[in-house]
Amino acid sequence: MEKKLSTERYTHGHHSSVVEQHRQRTAEEAAAFFLPELKNDMKLLDFGCGPGSITVGFSKYLSDGEITGIDIAPEILEQAKELATTSNVSNIKFETGNVYDLNYPDNHFDAAYGHQVLQHLQHPIEALKEIKRIVKPGGIIAVRDADYGTMVHSPLDPVLQHWLEVYHAVASHNGAEADAGRNLYPWLIDSGFRDIKMSSSTWTFYKQRQVLNWGDSWAERSTKSEFAKQAVEYQIATQSELESIANAWRSWARKPNAFFSFIHVEGLAYVSRS
Ligand SMILES: C[S@@+](CC[C@H](N)C(=O)[O-])C[C@H]1O[C@@H](n2cnc3c(N)ncnc32)[C@H](O)[C@@H]1O
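The opening position of the sequence shown corresponds to residue 293 in my numbering, with each subsequent residue numbered one higher.
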């Protein structure tokens, strides 16, 4: 395989409606399964770090360590750098990088973490092999990905079911895997890991502020983000279908009994010493 893949298209893109969601993420929630593995002086890579809220959140667990966040999109790293500065975190750096072809020598990091990244790649196994290369023997790789196929909502709205079909179709058109969660274990096995620990956690929204945050965000994302552009460009949905989807999100989020839940699958893979 040609290592430098510049042709992949990121389904979400970095429209403000997307980034606002990603910026709300914390190390405590998104990496709860990984935090017990961290040691104060570790050298950690966060690949596909986006706006960096999780990356910066790692700093309190790695006060004598070094944190590197990489992302293929330099523009999003500007936001990550700003967050590190305003959070007074100094043992962190952000660099443009492609997870298929990392600019680090073998065995460079003690640990690597990737949150909601593998689902966007055409070749997640190749990416995992490259990550394994830069982690020391005895080190650890932690990954967490959603599984869109597990998304459920209530009260049921066929237009929101249609949104999920459109999302799956757009991701698939990009060669990505929206149902990444269920694939993490086989991907880790196929990348050559033998010592693996799997777990899962859920996002469950039912409080008014939660459903409004999720529903209104997806309303905007469904008409303004890269996902919306791609859906139209690939002729998967028309602009008017996307407007209906946005209206359905807004109206669902204002129902007093609105409920949404889905699974994130988490994997810890230990790099063998031999
Ligand atoms: C869904 S976002 C997750 C961001 C962050 N990890 C978080 O959870 O908030 C996925 C990120 O992966 C990045 N990405 C996609 N393909 C990549 C690649 N080949 N190498 C590095 N980063 C990549 C995207 O630019 C995007 O910022």
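Glycine included, each C-beta is placed from N, C-alpha and C at the ideal position.
Using DSSP bridges, identify the partner residues of residue i.
i: TYR405; result: ASP338, ALA434
i: MET443; result: MET443 is not bridged to any residue.
i: GLY361; result: ASP338, PHE386
i: VAL427; result: PHE401
i: GLU558; result: ARG436, SER491
i: PHE552; result: HIS445, PHE497
i: ASP393; result: ASN390
Does the beta-carbon distance from residue i to residue j come in below 8 Å?
i: SER446; j: PHE325; result: no
i: ALA538; j: SER514; result: yes
i: LEU456; j: TRP544; result: no
i: GLY473; j: THR496; result: no
i: LEU413; j: GLU300; result: yes
i: ILE368; j: GLY342; result: yes
i: ASN383; j: LYS428; result: no
i: GLY290; j: LEU480; result: Not covered by the structure: residue 290. The range shown for the chain is 293 to 566.
i: VAL503; j: LEU476; result: no
i: HIS454; j: TYR526; result: no
i: LEU336; j: GLY357; result: yes
i: SER509; j: GLN371; result: no
i: ILE346; j: ARG317; result: yes
i: GLN411; j: ALA319; result: no
i: ASP402; j: VAL557; result: no
i: ARG542; j: ALA511; result: yes
i: PHE519; j: VAL409; result: no
Once you ignore the five residues that flank residue i on each side, which residues in its own chain have a CB closer than 6 Å to its CB?
i: SER517; result: GLY305, HIS307, SER309, VAL310
i: ILE423; result: ALA404, ILE433
i: LYS385; result: THR360
i: ILE426; result: LEU394, TYR396, HIS400, PHE401
i: LYS373; result: PHE386
Is it the case that the CB of residue i approaches a heavy atom of ligand 1 more closely than 7 Å?
i: LEU452; result: no
i: GLN408; result: yes
i: ALA365; result: yes
i: PHE350; result: no
i: ARG317; result: yes
i: ASN390; result: yes
i: PHE339; result: yes
i: ALA404; result: no
i: ILE346; result: yes
i: ILE362; result: yes
i: ILE423; result: no
i: LEU327; result: no
i: GLY342; result: yes
i: ILE368; result: yes
Quick one: what's got a C-beta closer than 7 Å to residue i's C-beta in the same chain, skipping five residues either side?
i: ALA523; result: VAL458, VAL462, ALA529, LEU534
i: ASN332; result: LEU354, SER355, ASP356, GLY357
i: SER351; result: ILE359, VAL381, ASN383, ILE384
Who are the Cβ neighbours of residue i in its own chain at under 8 Å, not counting the five residues just before and after it?
i: GLU387; result: THR360, GLY361, ILE362, LEU369, ASN395
Is it the case that the CB of residue i approaches a heavy atom of ligand 3 more closely than 7 Å?
i: GLU418; result: In terms of ligand content, the structure shown lacks ligand 3 and carries ligand 1 instead.
Fully enclosed by the segment 473-527, which alpha helix (DSSP H) runs are 4 residues long or longer?
500-516, 518-525
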